[in-house]
Every structure is written in C-alpha cells, then in structure tokens.
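Accompanying notes for the structure given below.
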Amino acid sequence: MKTSCKKPELVAPAGDPFKLKTALLYGADAVYLSGDVYGLRARADNFGKAALQSGIAFAHSRGARVYVTLNAFLHDQDCGGLDEYCRVLEDLGADAVVVSDLGVLRQVRRVSALPIHLSTQASCLNSAAAALWKELGVKRIILGREVSSLQAAGIRDKVGVEVEVFVHGALCMAYGGRCVISNFTVGRDANRGGCVHSCRFNYDQAGWRGHTLSSKDLCAAECFPQIARHGLDAFKIEGRMKSLLYVAAACRAYRRLIDAACSDAWEEKMLCEAQAELASVPHRPFCTGSLNRPAGLESVCNSGGSTTDNASRCMVGVVLEKCERGALVRLFEPLRVNQELELVPFQGARQLFKLRRLCSIRGEDLSAARQDQVVLIPAWDESFSLSPCNLLARIY
767 MKTSCKKPEL VAPAGDPFKL KTALLYGADA VYLSGDVYGL RARADNFGKA
817 ALQSGIAFAH SRGARVYVTL NAFLHDQDCG GLDEYCRVLE DLGADAVVVS
867 DLGVLRQVRR VSALPIHLST QASCLNSAAA ALWKELGVKR IILGREVSSL
917 QAAGIRDKVG VEVEVFVHGA LCMAYGGRCV ISNFTVGRDA NRGGCVHSCR
967 FNYDQAGWRG HTLSSKDLCA AECFPQIARH GLDAFKIEGR MKSLLYVAAA
1017 CRAYRRLIDA ACSDAWEEKM LCEAQAELAS VPHRPFCTGS LNRPAGLESV
1067 CNSGGSTTDN ASRCMVGVVL EKCERGALVR LFEPLRVNQE LELVPFQGAR
1117 QLFKLRRLCS IRGEDLSAAR QDQVVLIPAW DESFSLSPCN LLARIY
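First residue of the sequence shown? That's 767 in the working numbering, and the numbers climb one at a time after it.
Set out below in structure tokens:
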C-alpha cells in the first residue's frame, strides 16, 4: 500500500530529557517539549536552559527536530520574560515554537525568526481560519481534533500550509482543549498549564453517577490506511506526562506503520501488530476520535480515568549505559533473579529472556533489587545486547 511519496513527520512527546532520547531512538522524527515557562504541562519535569541545549543538540545530531511549546494563554503578568525567552530559544537552535495566543505569536515574530506552529488549542478547523493564520506568519497548523483527516488534507491543499493532526493519546472533551473545569474544582488554570484532569472524575447528575466527561483514548492504528493516504505533513502523539514505555511503544508502532504505508512493504497484519503494541501499555479504551467521522457517544469512556486495567506490560527499567561487564539499569520496580523480562528494542521484535544474574554497580551478586536502584545486568550472550536507552518490561 504505497499511499504517498511523502512521509508524514512523526512528532512525539518529550516530558523530560530522557523521554526526548527515548522518543527519537524509538522512531520519532521530531519531539515537542516545554521549557520552564509558557507551556501547558506545568507538572511535567520540563526543560531548563541546559537541558534544552543538550536535547536540541542530541536531536540535531540524529537529523531530528525539536519544537518548543509556548502554547499557554497568557495574562499580562505572565509576559514579562517572553521576548528574552524567544531569543534564547532561537540561539539554542529550536526548530519551531508552538503557540496558541495571538499576542505570543506577535511577540515571537517581533523579536525572532523562529518558525511558528499553531497549537491545537487555537481551534483552527477550516481553510478560512488557516489562511488567516498563514498570513500572520504561521508555518504549520496543528488542527483541532474535531477535524477529520480528509478535511485536514483539504485545508492543506486549499491554503498551502503544513498541517499536523493528532493520531494517538488522551483526548479532551472540551472544544479545542480549552477547558475551565480545573479552575472551578481546584483553582488551577488548565489553559496556563494547571490541568488536573477533572474530566476524569465521577460526577453526580440527576441521581446518576458516572464519567460523562471522560473520553476514550485516541488510536489511529485501526484507520491508519485511510488517514495515511491523505499525505498530511505530520502525525502527532499526545503524552508528555506518560511513561517511557508509553513513548517507546507509540513511536515503535507508528514508525513502522508510516514506513510501511509509504513504501511497498505494507502488510495487513501490521495493523494488528501495531494495535497490540499500543494496547500493551496503560491506556483507556481506544477510539478513532474524529479522524474518520465525528466523535459521538461511543467515544465516552464510561470506566473513568484509570489507564492501568487495560495494560499487558509494565516498565521494569531503562538501560543507562553499556560497559564491559554488561549494562547499568535504573529500576522502576523491584527486580529479582530468574524473573522473566522483555527487552523492547529500538526496532524489530521484542525479546523475552530470563534474568540469570543481577549485580550491584560494584559487581556484587544480588538475589533481588529495589525500585529506583541502579543495578548491573551482566552480559551473558553476545547475541543478546542491551543498548543505552533500551527499555525492559514485564508481562503481566
């Protein structure tokens, strides 16, 4: 199924420096992230200046791109350091900034030559709006999630602007994601980075209690052949607050689908394999959002906000570095000798193995190790190799 000679860029979330490396090594063409200010994920670890510099350098060394979010809706008291921050991002080599606020867009253009991407928070849904944003200097429009892939292609063709659509991750019930529920429930402004996901709570209404505001998660794997044929510029994965395992699984799955769909290597079984990969990590029930048709009642997640019940795997550790004795691994849960583990390689089939030996970083044999401990997994087979940033998982 060779749908187009142009591959869409795969844009993945990077909630911290390690997730940036994970996303790029597992197949992303670009990452989006937030600095310490002006983003919509105030509770993520985010990136200080030094982390931005090293992250951008790492991405560029791999031919990848870094997009920095400036997509909060700012009040006057928030704008004091915006000009200087834009100059810093330009000096560091950021490939674009993602904006929602007209005032922010104007300031970015006034003080820098940074390319500008329009955030989905701006709710651009039609070609007339897209044409206006293009006139204002926007290079790429991340369309509202209410737009279908066919409509997105029409906007691109009519206006001559790059378009990006979300293909995976959590969905917001609010129009364009501009929600004020958190403002009322806990006094935090979701449009300035303070969302606490109040939509995932149980609510009483007329004697009935349920999750009427909680959406299922978006997953485009089911309809990928249909959306791939439109030749859109970029496919985006949501999830800066999600785990390393989520980032790796999503990048692996969509990288394989994109490469196969844009070549002669397509096989129908790839859809099932991608869906299985995406379903292996914590998630809510999946839906296709509005990618093919307008989302309806079937997109409501009646089970609420929990994501763990649907997972078949959990993350055990990440390889920090490789050495002569084996690999140093940071653990995310307790580990014991003879436990069955799964290596998640950057590409190709996952590999099951039994942990034959476990050591401290000084080389002392251990029978078990605790969460957050850094351990040495000794090399035992030349055909089995752990590389830096490889993830280790456990099957439930």
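Backbone N, C-alpha and C define an ideal beta-carbon position, used for all residues, glycine too.
Any C-beta of chain C under 8 Å from that of residue i
i: Gly869; result: Any reference to chain C falls outside this structure, which holds one protein chain only.
Cβ separation of residue i and residue j, assumed to be a contact under 8 Å, to the nearest whole Å
i: Thr835; j: Leu790; result: About 17 Å; that fails the 8 Å criterion.
i: Ser893; j: Val925; result: 5 Å
i: Leu1094; j: Ala1135; result: Wrong, their Cβ atoms sit about 12 Å apart, outside the cutoff.
i: Leu874; j: Val904; result: Just to set this straight, residue 874 is Val in the shown sequence, not Leu. Not quite, the Cβ-Cβ distance comes to about 10 Å (not below 8 Å), so this is no contact.
i: Val1013; j: Tyr833; result: In fact, because the Cβ distance is near 16 Å, the residues do not count as touching under 8 Å.
i: Cys1053; j: Thr788; result: About 26 Å separates the two Cβ atoms, so there is no contact after all.
Cβ-Cβ distance between residue i and residue j below 8 Å
i: Val962; j: Ser948; result: yes
i: Val777; j: Ile993; result: no
i: Lys773; j: Ile1127; result: no
i: Leu1132; j: Leu1121; result: no
i: Ile822; j: Leu858; result: yes
i: Val1066; j: Thr951; result: no
i: Arg995; j: Gln1113; result: no
i: Asp782; j: Arg831; result: no
i: Ser915; j: Gln887; result: no
i: Phe784; j: Gly801; result: no
i: Leu1011; j: Met1081; result: yes
i: Gln1041; j: Glu988; result: yes
i: Val864; j: Ser889; result: no
i: Leu1158; j: Glu1108; result: yes
i: Leu1152; j: Val1085; result: yes
i: Leu909; j: Ile921; result: yes
i: Glu930; j: Ala1000; result: yes
i: Ala1026; j: Ser1046; result: no
i: Val797; j: Ala780; result: yes
i: Ile1161; j: Ser1078; result: yes
i: Leu1142; j: Arg1091; result: yes
i: Gly935; j: Leu998; result: no
i: Gly960; j: Arg954; result: yes
i: Glu1172; j: Leu1118; result: For the chain, the structure presents residues 767 to 1162; residue 1172 sits outside this window and is missing.
i: His1049; j: Asn1068; result: no
i: Lys1169; j: Pro1051; result: Any question about residue 1169 goes unanswered here, given that the chain covers just 767 to 1162.
i: Leu848; j: Val870; result: yes
i: Phe824; j: Leu786; result: yes
Buried versus exposed call for residue i [16 or more other C-beta atoms within 10 Å across all chains shown]
i: Gln843; result: exposed
i: Cys1089; result: exposed
i: His883; result: buried
i: Phe1110; result: The sequence shown places Val at residue 1110, rather than the Phe named in the question. Result: buried.
i: Trp974; result: exposed
i: Asp1138; result: exposed
i: His841; result: exposed
i: Tyr1020; result: buried
i: Ala879; result: exposed
i: Asp970; result: exposed
i: Phe932; result: buried
i: His826; result: exposed
i: Asp1030; result: exposed
i: Asp923; result: exposed
i: Arg906; result: buried
i: Cys1038; result: exposed
i: Ala1115; result: exposed
i: Ala986; result: buried
i: Lys1035; result: exposed
i: Trp1146; result: exposed
i: Asn837; result: buried
i: Val946; result: exposed
i: Gly846; result: exposed
i: Arg853; result: exposed
i: Glu1033; result: exposed
i: Ala972; result: exposed
Per DSSP, the bridge partner or partners of residue i
i: Thr835; result: Ser800, Val864
i: Glu928; result: Arg906
i: Pro1144; result: Gly1092
i: Phe1001; result: Leu776, Val931
i: Tyr969; result: Gly976
i: Glu1108; result: Leu1118, Ala1159
i: Leu1124; result: Leu1132
i: Phe813; result: Gly801
i: Ser981; result: Val1066
Which complete beta strand (DSSP E) runs does the region 1038-1103 hold, if anything under 3 residues is left out?
1079-1089, 1092-1097
I'd like the ranges of any alpha helix (DSSP H) spanning at least 4 consecutive residues and lying wholly in the region 870-907.
893-901
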